[in-house]
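S.K.:
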Amino acid sequence: MSLKAGAANSPGTHEASRRTFWGRLINWTPYRLLMGIVTASPRRQFLILAAFPVLWLLTQHLGPMLQMLRVSLTDAYPVAPGVEQHFTFDNYARFFGDRIFWQPFFRTLIFASVLTFCTLILTYPVAYFLACHVSRKNQMLMLLLLLIPFWVGEIVRTYAIMILLGNTGAVNLVLKWFGLIDRPIPFMYTSFSMGIGIVYLTALYMLLPLYSALEKLPKSYNEAAADLGAGAWTRFRRVTMPLTLEGVSSGCILVFLISTGFYATPVLLGGPSTTVFAETIAGFFHVAGDEWPTGAAFATIMFVTAMLLTGIFQRLMYAMRKGDTK
Numbered sequence: 042m043s044l045k046a047g048a049a050n051s052p053g054t055h056e057a058s059r060r061t062f063w064g065r066l067i068n069w070t071p072y073r074l075l076m077g078i079v080t081a082s083p084r085r086q087f088l089i090l091a092a093f094p095v096l097w098l099l100t101q102h103l104g105p106m107l108q109m110l111r112v113s114l115t116d117a118y119p120v121a122p123g124v125e126q127h128f129t130f131d132n133y134a135r136f137f138g139d140r141i142f143w144q145p146f147f148r149t150l151i152f153a154s155v156l157t158f159c160t161l162i163l164t165y166p167v168a169y170f171l172a173c174h175v176s177r178k179n180q181m182l183m184l185l186l187l188l189i190p191f192w193v194g195e196i197v198r199t200y201a202i203m204i205l206l207g208n209t210g211a212v213n214l215v216l217k218w219f220g221l222i223d224r225p226i227p228f229m230y231t232s233f234s235m236g237i238g239i240v241y242l243t244a245l246y247m248l249l250p251l252y253s254a255l256e257k258l259p260k261s262y263n264e265a266a267a268d269l270g271a272g273a274w275t276r277f278r279r280v281t282m283p284l285t286l287e288g289v290s291s292g293c294i295l296v297f298l299i300s301t302g303f304y305a306t307p308v309l310l311g312g313p314s315t316t317v318f319a320e321t322i323a324g325f326f327h328v329a330g331d332e333w334p335t336g337a338a339f340a341t342i343m344f345v346t347a348m349l350l351t352g353i354f355q356r357l358m359y360a361m362r363k364g365d366t367k
């Protein structure tokens, strides 16, 4: 036995470990009995490890959604003292019976779909370059540089877009300096400014799934396709894209769902012609009276519609992946 091993197993070492807090805890009989019960079987270990995430999901995500659904089926909320609360579907009927709410609803879905596609087009080359053309030792550094803007809150980043696109912002100043314009271009409070803001805010949610999918792609596949005479576009269309559809699907779903729920960015960057459904929903919660159930019903309608659309999209992507593997 070596001197190091002998020192490690010496009575003095064990005695020193018992003097520390963790040493006393490990050697405490109730603690050892508890750990024996907890780790008695792999199933019990799994249940204990899964308990906190499941509890968090139920209380912080599913619970508020069920509460919103409950409120949407009532005729009044909050309930005034002495007033009886009744069950009703009138809040949902209000949406389907008044077409004035349809325009912001469908505008939100169209904006979210178009902006999701734009985000995919803009971030895919970045993810591809980062995963396939940057050395592994520098990839984490590059990712960190891309993540730095997202350490700042949504409102601050939205104001940064306003500063860039304003009449005296950087974009107009650069265009004027090059002599391309005489007067500032009114970028602000349009679909363009709102689109730029949402794409900027959601780019990270598209970039990371794409990078993860591209980073796992073996380089030998493209090398083999090149040896067989496939050009760059053919290799991308027949090899890279089909093998990264899972990342594309995950990124698109994340960006679409987030885009349907944006409120602050459309308010700050949009105008009267770009009102989205989140602003309509917020209007019911900002006014006095019994409008909260209507806002909850409209939020439920948007949530269910967005989930149905993402489910259909996911099925289509799954069918495409199955077709490519045949």
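Going by my numbering, the sequence shown opens with residue 42, and the numbers climb by one from there. The beta carbon of each residue, even a glycine, is placed where N, CA and C say it ideally should be.
1) Using DSSP with H/G/I as helix, E/B as strand and the rest coil, what is residue 115?
2) Out of 116, 190, 286 and 348, which one is the CA nearest neighbour of residue 361?
3) Using the rule of at least 16 other Cβ atoms within 10 Å of the residue's Cβ for burial, across every protein chain shown, is residue 204 buried or exposed?
4) I'd like to confirm the pairing. Which residues does DSSP put opposite residue 128 in its beta bridges?
5) Starting from residue 234 and walking both ways along the alpha helix (DSSP H), at which residues does that stretch end?
6) Relative to the C-alpha of residue 153, which residue among 347, 288, 338 and 357 is closest?
7) Suppose you measure from the CA of residue 182 to the CA of residue 189; what does that come to, to the nearest Å?
8) Please report the distance separating the alpha-carbon of residue 192 from that of residue 209.
9) Residue 259 by DSSP, collapsed to three states: which one?
10) What's the gap between the Cα of residue 354 and the Cα of residue 61?
11) Go to residue 371, then tell me how far its alpha helix (DSSP H) extends in each direction, as first and last residue.
12) By how many angstroms is the C-alpha of residue 280 removed from the C-alpha of residue 104?
13) I think residue 137 touches residue 318, with their Cβ atoms under 8 Å apart; what is that distance to the nearest whole Å?
14) Using the Cα positions of residue 198 and residue 253, report the straight-line distance between them to the nearest angstrom.
15) For residue 242 and residue 77, I'd like the C-alpha separation in whole angstroms.
16) Express the C-alpha separation of residue 322 and residue 349 in angstroms, rounding to a whole number.
17) Determine the DSSP secondary structure at residue 299, reduced to helix, strand or coil.
18) Would DSSP call residue 332 helix, strand or coil?
19) Quick one, which of 140, 114 and 134 has its alpha-carbon nearest residue 128's?
20) Tell me whether residue 157 is buried or exposed, calling it buried when 16 or more other Cβ atoms sit within 10 Å of its Cβ.
21) Once DSSP output is grouped into helix, strand and coil, what is the label at residue 222?
22) For residue 143, is the beta carbon positioned less than 7 Å from some heavy atom of the ligand ATP?
23) Give the straight-line distance between the Cα atoms of residue 12 and residue 185, rounded to the nearest whole angstrom.
24) When DSSP labels each residue in this structure, what does residue 208 get in the three-state scheme?
25) Drop a sphere of 10 angstroms on the beta-carbon of residue 106, count the other beta-carbons inside from all chains shown, and report buried for 16 or more, exposed for fewer.
26) Along the chain, where does the alpha helix (DSSP H) that runs through residue 158 open and close?
27) Determine the direct distance from the alpha carbon of residue 63 to that of residue 235, and round the result to whole angstroms.
28) With residue 248 and residue 168 assumed to form a contact (beta carbons below 8 Å), what rounded beta-carbon distance in angstroms separates them?
29) What's the C-alpha gap between residue 218 and residue 206?
30) Note down, in chain order, each residue of its chain lying with its Cβ closer than 6 Å to the Cβ of residue 120, except the 5 sequence neighbours on either side.
31) Let me know the secondary structure DSSP gives residue 213 once reduced to three states.
32) Taking the CB atoms as reference points, tell me whether residue 135 and residue 335 lie closer together than 8 Å.
33) With DSSP collapsed to three states, give me the class of residue 179.
M.R.: Taking the geometry as given:
1) strand
2) 286
3) Within 10 angstroms of the beta-carbon of residue 204 lie fewer than 16 other beta-carbons, which makes it exposed.
4) 115
5) 232-256
6) 347
7) Each residue's alpha carbon lies about 11 Å from the other.
8) For residue 192 and residue 209, the gap between their C-alpha atoms comes out near 26 Å.
9) coil
10) 56 Å
11) Absent from the structure is residue 371, since the part of the chain shown begins at 42 and ends at 367.
12) 43 Å
13) Not quite, the Cβ-Cβ distance comes to about 14 Å (not below 8 Å), so this is no contact.
14) 25 Å
15) 48 Å
16) Each residue's Cα considered, the two are about 20 Å apart.
17) Helix at residue 299.
18) coil
19) 114
20) buried
21) Reduced to three states, the DSSP call for residue 222 is coil.
22) Ligands displayed in this structure: none; no statement on the ligand ATP is therefore possible.
23) With the chain running from 42 to 367 in the structure shown, residue 12 is simply not present.
24) Reduced to three states, the DSSP call for residue 208 is coil.
25) exposed
26) 143-173
27) 55 Å
28) 5 Å
29) 15 Å
30) Cβ within range, chain order: 126.
31) Three-state DSSP puts residue 213 in a helix.
32) yes
33) helix
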